[in-house]
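Q: The structure is given below, and queries will be raised subsequently.
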Amino acid sequence: PQSVTQGCSTAGSTVTAGSYAGGFTGALANSYSVNDTVHGNVSATATIYTVTEDDGSTSTYALAGGFAGAATLGWATDLGSKEADDDNLLGAVNKLLVTLLGGDTGGEGADAGKASTLLSLVGIDNSAILGAQMTGGTIKVESKGSYAGGLIGRGDGVIIAASDEAHLDELDTYNRDDKIGMVGRPTARDNTIEGLQSVTVADSYAGGIAGRVGTASIGGLLNTTLGLGGYLPYEVSDVTVSGVTDGYTVEATDGMSAGGGIGEATGG
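Heads up: the sequence shown at position 34 corresponds to 68 in my numbering, and the numbers run straight through without jumps.
Here it is, written out as structure tokens:
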């Protein structure tokens, strides 16, 4: 199932979170944001959240965005994937899908049609940000680790585009008879980020729009085993970024990949 927020607005915000910090939402997981607005000053800061792996290694997450910290797949397949093990439902789902889709890499036994259906059932589908507007204040975004952007920190297979008919037609919510009357179709508009002051990461991936965007293949529960890069490309279009009077700064302090638009874009 997909959730949708449409035509919502906030009067600016100051947000601090360990993992996912955003001026509008911490993270979008298999969800849609359509014509939502943040009007006023925004300060979004993500501190480091550390996860210890089974082999003793650690992973840290600190994603921050002026609008959303992350825009990615469903909870079970990405944001919550670290909670999966052999003794719970997420671990069982993982094993089932790998078996049904033909092995660890989706090889000769995999069926593309079957894969698409099964993946959608467990929330492996694009998140979308259409027609987001950030106006009326200054925007400061900071990650104490990696991934920060004026709009989003990181996007996996995300759709960032205008809220026009072509893109709405791609979203399940707007093509189901039981949902159309509930949400209606909005007036088309582009994505706008005004008053950006700074985007800073302690490590890597900082951008005026996004720290990093790529195909959906970044460390989720099923991403690596099923090779989802072939299923879910991303799109970034119809986005305008303007800074404060003196312009905005983007900095990857001790790492790599910083850009006025996108710190790093992979695939597409």
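Cβ atoms here follow ideal geometry from the backbone N, Cα and C, with glycine treated the same way. A quick note: this is a predicted structure, and the numbers were derived from the prediction, not measured.
Just the C-alpha distance for I227 and C42, rounded to the nearest angstrom, thanks.
A: Using only the alpha carbons, I get a separation of about 16 Å.
Q: Which whole runs of the beta strand (DSSP E) in the region 51-85 are 3 residues long or more, in chain order?
A: Fully enclosed beta strand (DSSP E) runs of 3 or longer: 54-56, 59-63, 65-68, 71-73 and 76-80.
Q: The beta strand (DSSP E) with E228 in it runs from where to where?
A: Taken as a continuous stretch (DSSP letters only), the beta strand (DSSP E) holding E228 covers N225 to V235.
Q: Just to confirm, is the Cβ distance from V247 to V284 under 8 Å?
A: Against a cut-off of 8 Å, the Cβ pair of V284 and V247 comes out as no contact.
Q: Expressed to the nearest angstrom, what Euclidean distance is found between the alpha-carbon atoms of A98 and D280?
A: Using only the alpha carbons, I get a separation of about 23 Å.
Q: Can you have a look at A45 and say buried or exposed, based on whether 16 or more other CB atoms are within 10 angstroms of its CB?
A: With fewer than 16 other Cβ atoms within 10 Å, it is exposed.
Q: Using beta-carbon positions only, say whether N69 and S161 come within less than 8 Å of one another.
A: Not in contact: N69 and S161 (Cβ atoms no closer than 8 Å).
Q: Is A244 helix, strand or coil when you go by DSSP?
A: Note: A244 maps to strand in three-state DSSP.
Q: So is R219 buried or exposed if we call it buried at 16+ other beta carbons inside 10 Å?
A: With fewer than 16 Cβ atoms within 10 Å of its Cβ, R219 is classed as exposed.
Q: What do you get for E298, buried or exposed, if any count of 16 or more other CB atoms within 10 angstroms of its CB means buried?
A: E298 should be labelled buried.
Q: Determine the DSSP secondary structure at G295, reduced to helix, strand or coil.
A: Of the three classes helix, strand and coil, the one that applies to G295 here is coil, per DSSP.
Q: Starting from the Cα of S67, find the closest Cα among V38, M168 and P267 and give me that residue.
A: Nearest C-alpha to S67: V38.
Q: According to DSSP, K174 sits in a beta bridge with which residue or residues?
A: Answer by DSSP bridge pairing, in chain order: S77 and S232.
Q: Tell me whether E199 sits in a helix, a strand or coil according to DSSP, three-state version.
A: In the structure shown, E199 sits in a helix (DSSP, three-state: H, G or I).
Q: Using three-state DSSP, classify D206 as helix, strand or coil.
A: Three-state result, D206: helix.
Q: Which class does M290 belong to by DSSP, given the choice of helix, strand or coil?
A: Correct three-state label for M290: coil.
Q: Just to confirm the assignment, what range does the beta strand (DSSP E) spanning S161 have?
A: Here S161 belongs to no beta strand (DSSP E), and DSSP marks it neither H nor E.
Q: DSSP has R188 in a bridge; who is on the other side?
A: According to DSSP, R188 bridges with A104 and R246.
Q: Can you say whether D237 is buried or exposed, counting buried as having 16 or more other CB atoms within 10 angstroms of its CB?
A: Label assigned to D237: buried.
Q: Can you have a look at M290 and say buried or exposed, based on whether 16 or more other CB atoms are within 10 angstroms of its CB?
A: M290 should be labelled exposed.
Q: Work out the CA separation of S197 and A51 for me, nearest whole Å.
A: In a straight line, the C-alpha of A51 is about 29 Å away from that of S197.
Q: What first and last residue would you give for the beta strand (DSSP E) that runs through Y95?
A: Counting along the chain, the beta strand (DSSP E) containing Y95 begins and ends at T92 to Y95.
Q: Going by CA-CA distance only, name the one from R223, G183, G191 and N225 that's closest to Y282.
A: With distances taken between Cα atoms, Y282 lies closest to G183.
Q: Buried or exposed for A102, please, with buried defined as at least 16 other CB atoms from any protein chain shown within 10 angstroms of its CB.
A: Under this definition A102 is a buried residue.
Q: Report the three-state DSSP secondary structure of G218 (helix, strand or coil).
A: Coil at G218, not helix or strand.
Q: Taking 6 Å as the limit between beta carbons, can you name the residues of its chain near G293, skipping five residues before and five after?
A: G241.
Q: Per DSSP, which residues does V284 bridge with? Please list them.
A: Looking at the DSSP assignment, V284 forms a beta bridge with V233.
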